[in-house]
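Below is one structure, written out as structure tokens; the observations come after it.
There are 8 protein chains.
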Amino acid sequence: MSECALEALLQGVKEGHISIQDAVQKMKAAPFEDIDFAKIDHHRSLRQGYPEVIYGESKTAEQILGITEKLFEKGNNILITRASIEVYQTISARFLEAKYNALGRTITLHVTSLPKPNSYIAIVAAGTSDLYVVEEAYETALILGNDVQKIVDVGVAGIHRLFAHLEIIQNAKVVIVIAGMEGALASVIGGLVDKPVIAVPTSVGYGASFGGVAALLSMLNSCASGVSVVNIDNGFGAAYNASIINHL
Amino acid sequence: MSECALEALLQGVKEGHISIQDAVQKMKAAPFEDIDFAKIDHHRSLRQGYPEVIYGESKTAEQILGITEKLFEKGNNILITRASIEVYQTISARFLEAKYNALGRTITLHVTSLPKPNSYIAIVAAGTSDLYVVEEAYETALILGNDVQKIVDVGVAGIHRLFAHLEIIQNAKVVIVIAGMEGALASVIGGLVDKPVIAVPTSVGYGASFGGVAALLSMLNSCASGVSVVNIDNGFGAAYNASIINHL
Amino acid sequence: MSECALEALLQGVKEGHISIQDAVQKMKAAPFEDIDFAKIDHHRSLRQGYPEVIYGESKTAEQILGITEKLFEKGNNILITRASIEVYQTISARFLEAKYNALGRTITLHVTSLPKPNSYIAIVAAGTSDLYVVEEAYETALILGNDVQKIVDVGVAGIHRLFAHLEIIQNAKVVIVIAGMEGALASVIGGLVDKPVIAVPTSVGYGASFGGVAALLSMLNSCASGVSVVNIDNGFGAAYNASIINHL
Amino acid sequence: MSECALEALLQGVKEGHISIQDAVQKMKAAPFEDIDFAKIDHHRSLRQGYPEVIYGESKTAEQILGITEKLFEKGNNILITRASIEVYQTISARFLEAKYNALGRTITLHVTSLPKPNSYIAIVAAGTSDLYVVEEAYETALILGNDVQKIVDVGVAGIHRLFAHLEIIQNAKVVIVIAGMEGALASVIGGLVDKPVIAVPTSVGYGASFGGVAALLSMLNSCASGVSVVNIDNGFGAAYNASIINHL
Amino acid sequence: MSECALEALLQGVKEGHISIQDAVQKMKAAPFEDIDFAKIDHHRSLRQGYPEVIYGESKTAEQILGITEKLFEKGNNILITRASIEVYQTISARFLEAKYNALGRTITLHVTSLPKPNSYIAIVAAGTSDLYVVEEAYETALILGNDVQKIVDVGVAGIHRLFAHLEIIQNAKVVIVIAGMEGALASVIGGLVDKPVIAVPTSVGYGASFGGVAALLSMLNSCASGVSVVNIDNGFGAAYNASIINHL
Amino acid sequence: MSECALEALLQGVKEGHISIQDAVQKMKAAPFEDIDFAKIDHHRSLRQGYPEVIYGESKTAEQILGITEKLFEKGNNILITRASIEVYQTISARFLEAKYNALGRTITLHVTSLPKPNSYIAIVAAGTSDLYVVEEAYETALILGNDVQKIVDVGVAGIHRLFAHLEIIQNAKVVIVIAGMEGALASVIGGLVDKPVIAVPTSVGYGASFGGVAALLSMLNSCASGVSVVNIDNGFGAAYNASIINHL
Amino acid sequence: MSECALEALLQGVKEGHISIQDAVQKMKAAPFEDIDFAKIDHHRSLRQGYPEVIYGESKTAEQILGITEKLFEKGNNILITRASIEVYQTISARFLEAKYNALGRTITLHVTSLPKPNSYIAIVAAGTSDLYVVEEAYETALILGNDVQKIVDVGVAGIHRLFAHLEIIQNAKVVIVIAGMEGALASVIGGLVDKPVIAVPTSVGYGASFGGVAALLSMLNSCASGVSVVNIDNGFGAAYNASIINHL
Amino acid sequence: MSECALEALLQGVKEGHISIQDAVQKMKAAPFEDIDFAKIDHHRSLRQGYPEVIYGESKTAEQILGITEKLFEKGNNILITRASIEVYQTISARFLEAKYNALGRTITLHVTSLPKPNSYIAIVAAGTSDLYVVEEAYETALILGNDVQKIVDVGVAGIHRLFAHLEIIQNAKVVIVIAGMEGALASVIGGLVDKPVIAVPTSVGYGASFGGVAALLSMLNSCASGVSVVNIDNGFGAAYNASIINHL
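Going line by line, the protein sequences match chains C, R, H, G, A, B, S and Y. full-length UniProt numbering numbers the first residue of the first sequence as 1 and each following residue consecutively. full-length UniProt numbering numbers the first residue of the second sequence as 1 and each following residue consecutively. full-length UniProt numbering numbers the first residue of the third sequence as 1 and each following residue consecutively. full-length UniProt numbering numbers the first residue of the fourth sequence as 1 and each following residue consecutively. full-length UniProt numbering numbers the first residue of the fifth sequence as 1 and each following residue consecutively. full-length UniProt numbering numbers the first residue of the sixth sequence as 1 and each following residue consecutively. full-length UniProt numbering numbers the first residue of the seventh sequence as 1 and each following residue consecutively. full-length UniProt numbering numbers the first residue of the eighth sequence as 1 and each following residue consecutively.
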């Protein structure tokens, strides 16, 4: 209930059109729309057109199809992450325009176009083994309405390759750095750019990489000051975060 | 060596003012200023006036004073983090204008004024026990040239207190959330704003908080999509990161 | 051996009907029924009709069937947890009335009706991915003789959805909160109700969720005072615990 | 703002005593008391007289005194946990009636009497080394208005001592079990009673006890079904929880 | 080379039957049998007839068959642990008398009879889920020449069942306690017997049992003094250890 | 209550000297001495003269003195572990004959002599840094009535030193191996003797020794079959265990 | 751009053959070949003929074939690690001379011969279960141009077997020690040789070996001074390291 | 006993100068010097003049003085690591020529000069906070007879500083890289040199650095192939290792 709606209601009470009991009832019947709760949902309205996101892990193809159909009616773009090829087959039988990124395991349904900022997001990855996270981040960034530059296979053990792409990294508005094993790339890039760096540890590696923990700790302890971190393999979260920044 | 300096040098060679040997020597003697390395240091020039930061932990007061004096000559602002009162006494004997934030354990030396963006950073903390991290973040954000709004003691166990401040949080350009124990505040706020949220786990707690690990893991696993995380107790890093975003 | 049985025995000795040797023998032959041990087993008698519980993990269908048949003769209800569909097929071939909850992986055999308290247990879960634990808790609570209210998909990242159900949660006698990832829901609900909250971390998540450890630590460190915790994915234990409280 | 206060306000508007602008202002100025938020704070009113709790760790004596004075004006009982003797000296200089439990490190200020249920809480501890947690739980339970029975030094390595107290444990409405090292006592008691058992691991031990982790894990994995767990050394949380149950 | 063989050799040198060069050669050619190394291998001769043990994990059936054939020629008994049914099929095709314990995953080949002590080993296990470790320990103890008493399903949550078997446990020369989940059984039995207790944590459990770590830590922190621990699921090691003690 | 005492009681009932009510009362008043519980405490009688052990950690000198005085009256030997010099000063002021082992931090009070077996316990330690555990084990073994041979500074990095003492190690009835850092000594000795080896990891080391965890894991994974393990730094437990075996 | 190429360029400028603009352009167009970057890539030239290494894990056979074809054109030897038999089938269909080491899971393509030093690398392994790492190290060492001596199954539990091979170990220029379980072999060998020892923990073991962590920690804490460590199962890294040392 | 000494002994037996009993006795009395054990101690003779090393942690000044005096008589150089200023005062009172490195906490006693190789060891450290490890490594390398080049404060966050020193790093025979926090420097340098890189994680950092574990894991997972790792803060071990390589 907006402030002016409240004033109208009170006016009605004052003028006798509305009984006190009815006014009280009306106020109670307006859950989440009273003045305070309006604040809570306020930012949702800013996100019109934003894609709805379905986390596909541990859901059956049928469950995901059901959710997709319900969300599709709202007219928003749809992003399904961690989707297997079987899920895609089910979804694409119903939504012919659905696209599958096999490496990133994402399904995307572009329904409406979102306004894009002029700036772009750089996605930088240490090795080809990290590509599954790169692609998840890439598809997420695209459907959220961003231009993206991907730079892959620029690990710190061959640092001259990184320098060849430095300009494109430094000109981005926000940089996503994706690396497994020792995750050192985040610190190196963090020292070379003055933009926000969002680091994504990947579960690439073996032994003492502990499924990405080594890279995670490395990134959390980065000696470069502008680095923040998301969960292991969370390409989606990094891109969502980067998109918010890119749209600021 | 800038491109035009290089051209001048070549001109000298062409005109015979400079011998080839001297030219080669000059190029080799100009480390970090050759054309390619220029890219590497390019962003440094964008940071003119940025404060120099000294991590005070495990350095003696004399060492810190020495570094401070050297940096002071460059004319930049100076921020010393993790500084004890003893360090402050040493620094303030030499730099009368140095200010000490006892809770945040920071020393600041404001020499030049940095341009401030119109937007502000919100720093939100769960409990009064987290104040030492709040203050480190606060001083860092100030000296980096930002307006800051602090909102403290709005933990999730009394969520109505949080809602009272929701508007100020939602209107920030970037939000720093500081919480120890279970660190749930990051997720709750992440679900209420559409701005980048930088979460700082604190080492507040005991037993199974494991010095901040519980809060760290909680934040890394946040179900809210716009949350990224920095190291435990790293108020400085969060504010540095937020400042970059606030200046975008 | 009850106190009066003991008196009868002594009376027999006194009157000469029973020899001293026979009396000693009888006492020794009555293991677990002597006066002190009676205390140990005392509470068992309070649980007449309580379902017998079989933990199905790592048992073959044949082993489970064997145990079920033996327990069935006692006339108690039976609950089998962590049961695969194969186990159900074996059990239902013999016990037609056995019911399977595929999501919760439970088999239940309702033989007798237990008296239900007027109060109810609320089961609240953060996401649809947590449903497998919700259903295990639900079936357990039902067969232990409780009314249950299930509220699902009210995670903290969309906190307004939680408030819509607040009344039903606050009116429960005891609340089970089930959440994976960062497990923040337990703290939020713990701050909103004045009833015992039993938190169940789930293994839902990836990367730094470490199979439920992040949620577990989060819940153990809850800043809300009325929260206690059971093992990861232990829907059964939570419901058993809640049922004891609901029957107080 | 209660429903009848709202009706009075509307009555004032209707009758012209209160202008519409004033009414809107009044509603906005009454944060947390609007109709919907009433639900959120509903249970607070049930807790009238409940002690306010101050977590004393990492607060100075002056800070704690300040908070105490503010809370004291509300007329509630006050409990300060993790309080050093220095804090007590500061508090008792101002509040003569404050009592200190040196072992439990609690300060209590009994201002009003709370109604006590007829039932009682049993606090059972494995060893004398666990007494610091026992006392914290004990003081907490007392000030929350409970009768308490303490049974100490009944570890599983001398299980006959435990049986001597079995009756008093089995007759409690809720049992708190406090144990360090291997924490086995929780499982043993859980198997002997049919009441809720709240287990508190303690940090007593050395080496592979890892500051209470061994006991914590042991308790979380209890094969007895009615056991739930709180944080290491969290005597306060266990007693708070037990008090809620004892007052059901 | 034994001392008297050395004397004979020297005698030959003295008497001229053996040249000095031959004597030196002979000494060098007798690796591991010189006087000092004799000490190293001394205890091996005490173990005549002891079974050779093959750890079957991660070896192919063919590799295991090859090793078995080589060891069989020495005339010792043979024990293969962690053997699949496929391995057994390969072994039994060649050695008809080989016996398979499917639960314990052991293959045994009894060739010679070992002298048995009069005393026996008690193997006590908490639950039926621990039987795979019980059986590995059982077969190991048998082939090492021991009488064994197995007592299963006497977990601490139903402690009266344990007491029914107390006499048989107390009369053993050494007790193996096998338990998963919280592993409390080791402490309880350690407090009831005055014999060496060898505790085996099992990987039975889920969630915070962490594959047996909870039980392992519990056992290492046992408050009962006579308990020592072997690796998770190491039924073989416990029985080997117990057999050494039983033969003292 | 022994069997013959029970017969006497029944005789009295039969003969009319004792009323039935008195007999029942007497039986109930004899806790832990009824027929079944006799089994529980049976082994205690075997331990007559065994020292009472007080774990001194986190107890005040006064508390320890109090416990000591109470135990002293029973006429048993007394062992206080983890005792500071301050505790010793308090104890020795009252008990002049108390002896302090400063390295092992033990106080011993020899009151009665225990019968010693002919065999001995070997205590072998890797380095001089492990001596604090060696001495705790040594004093424990002595007061429990054992001959002991100590062999120190025979780490695996200088394995020839170990061989010099091999005979004395191989002739022991049971061997305690104490080692920090990588704990390899347990495996090496386990491969050289055919006696039970009880391994004690020590917290000696730094960095990735993690307070003894490296040695603990190393010992638990020993490839030598006769090795079992006790808690980090638990010299007392190892010696208690070894003493039980030495007295078999 | 080498120094003399630069001189030639400057000569051209001086003599007027090359315009200043062209010279600047040429310098900018020669990325990674300018004077400073030359340093960065300097060591690459020393590695002419060195095999290119492809980490085969998580790459498809097609991807690996593609990379192999591209690298093959450079004329270098090729090593593919962590390669499945399927990958080998794809590679060998195109490159007939490719060889597969099934145990070590390596594919090697020897194109050119590398000069071998006179010294050799010793690879020592504790058990036959470690052979998969031995073979990866072996193939790596061979293709990098080294003589290798393999010594397997010399675990510390049968230390006399190790001594039989001591001479061959002591005469190596560098020793690779491969061991799982408790990893003690590294310390024992480290104490017996005065050459660099590179220790490789393997994931062989179960329970508290934690996938190689026990061996890793053991090796990092080695009391022998000349031991350094690589990642769990990293036979390739150890051999690469050893080869660098062997070629010094 | 060397081969020729053995021949002489046998000659004496043959010629009758030495009785057989004396010969046997002599052989047994020569422990560690028989033919086989000679191999074990063989490499010791190669280390003549090598400093004796005393690990000073947890030893008293008196104990260290005692050991020093004993070792001093052998005429070797002496290195004491982890030595406090108090230890130095005690040592220097007796050995005036002892030198103390306060930062590295080492005491060195140069008695004889060791031959130095022409090559040198490079010690590279990320930050000034790592200097305590740098100095321990430096003093160790010096006393073991090496030339050393120290390069400090070249962390990856300011990578251009590293490049300024690249030549000196690339020309070393072996490189020690010392870094805390995220430890990325090891990978970057490992990618820039073709010499063995020994990485030392330091315990510098806070929060999720976990006392050096983050750097340790980072280094173990280095994507650069020539990197091996020693324990956290183990500057001594790294330098010892590097010295062996430098002397090859």
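In this text, a Cβ means the ideal position worked out from N, Cα and C, and glycines have one as well.
What first and last residue would you give for the alpha helix (DSSP H) that runs through C/K70? Start and end: 61-72.
>> Quick check on the burial criterion: 16 or more other C-beta atoms within 10 angstroms. Buried or exposed for H/L96?
In response: exposed
Reducing DSSP to helix, strand and coil, say where B/A184 ends up. coil
Would you kindly work out how many angstroms separate the C-alpha atoms of C/P196 and C/Q170, rounded to a whole number? Distance between the alpha carbons of C/P196 and C/Q170 is about 11 angstroms.
query = What residues in the stretch 206-240 of chain A bring their beta carbon closer than 8 angstroms to a beta carbon of chain S?
reply = Result list: G211, G212, V213, L216, N231, I232, D233, N234.
### Query
Should G/N234 be labelled buried (16 or more other beta-carbon atoms within 10 Å of its own) or exposed?
It counts as buried.
DSSP three-state call for Y/V87: helix, strand or coil? The DSSP-derived three-state label of Y/V87 is helix.
Please report how far the alpha carbon of G/V124 lies from the alpha carbon of G/A239, in whole angstroms. 12 angstroms
Applying the 10 Å Cβ sphere with the 16-neighbour rule, what's the burial state of G/N241?
buried
**Study point:** Completely contained alpha helix (DSSP H) runs for the UniProt domain "PurE" (119-248) of chain S, where each covers 4 or more residues
**Key:** 131-143, 159-164, 166-170, 185-190, 213-220, 235-246
* So which of H/V200, H/T68, H/N76 has the shortest CA-CA distance to H/V87? -> Nearest C-alpha to H/V87: H/T68.
**Request:** Measure from the C-beta of A/V175 to each C-beta in chain F and report whether the shortest distance is under 9 angstroms.
**Result:** Given the protein chain composition of this structure (C, R, H, G, A, B, S and Y), no chain F is represented.
Using the Cβ count rule (16 or more neighbours within 10 Å means buried), how would you classify R/S58? exposed
Using 10 angstroms around the beta-carbon of C/P115, count the other beta-carbons present and answer buried if the total reaches 16, otherwise exposed.
exposed
task: Please list the residues of the stretch 179-199 of chain B that have a C-beta atom closer than 7 angstroms to any C-beta atom in chain A, keeping them in chain order.
output: L192, V193, D194, K195, P196, I198
So with Cβ pairs under 9 angstroms, would you call Y/E52 a contact of chain B? no
ask   = What does DSSP give as the partner residues of S/N77 in its beta bridges?
value = None, per the DSSP bridge assignment.
Taking the beta carbon of Y/A93 as the centre, do at least 16 other beta carbons fall within 10 Å, making it buried, or is it exposed? exposed
Just checking: is the beta-carbon of S/S92 within a distance shorter than 9 angstroms of some beta-carbon in chain C? Chain C places no beta carbon closer than 9 angstroms to that of S/S92, leaving this residue out of the contacts.
Query - 8 angstroms contact criterion, which A/I121 and A/V174 should meet: CB distance rounded - result: Between A/I121 and A/V174 the beta-carbon gap is near 6 angstroms, inside 8 angstroms, which marks them as a contact.
**B/T108: first and last residue of the uninterrupted beta strand (DSSP E) it sits in** = 106-109
At the 9 angstroms Cβ level, is S/I168 part of the contact set with chain B, yes or no? no
Q) From A/I189 to A/L217, what does the alpha carbon distance come to, in whole angstroms? A) Their backbone Cα atoms lie some 17 angstroms apart in a straight line.
Which term fits C/K74, buried or exposed, when burial requires 16 or more other beta carbons within 10 angstroms of its beta carbon? exposed
Checklist line | Y/S19 at chain B interface by Cβ criterion, 9 angstroms | finding: No, Y/S19 lies away from the interface with chain B (no Cβ there is under 9 angstroms from its Cβ).
- Message: Strictly under 9 angstroms for the Cβ-Cβ distance: is B/E57 near chain G by that measure?
- Response: yes
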